[in-house]
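Read through the structure below, which is laid out as structure tokens, and then see the notes.
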């Protein structure tokens, strides 16, 4: 039953806490860089695909540090 309820709460962007965390990062990046929302979202998708940033369903942000 919980899985069904969780699925209903989710949209293509994730659970509410996950969406909130993602939106906070997007807004901060837009403010710092002056980029459009579309450009920031595209950049975040690229970072997520490379597993360098993750937005857990419970909220928050996880960053991966690459060793040189």
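Residue numbers (the working numbering): 1 to 68.
From the three backbone atoms N, C-alpha and C, an ideal C-beta is built for every residue, glycine too.
What you are looking at is a predicted structure, and each value in this text was computed from that prediction instead of being measured.
{"Item": "Three-way DSSP call (helix, strand, coil) for residue 32 in this model", "Value": "helix"}
{"Item": "Nearest-angstrom Cα separation, counted from residue 63 out to residue 54", "Value": "7 Å"}
{"Item": "Per DSSP, the bridge partner or partners of residue 63", "Value": "53"}
{"Item": "Separation of residue 57 from residue 14, as counted between CA atoms", "Value": "7 Å"}
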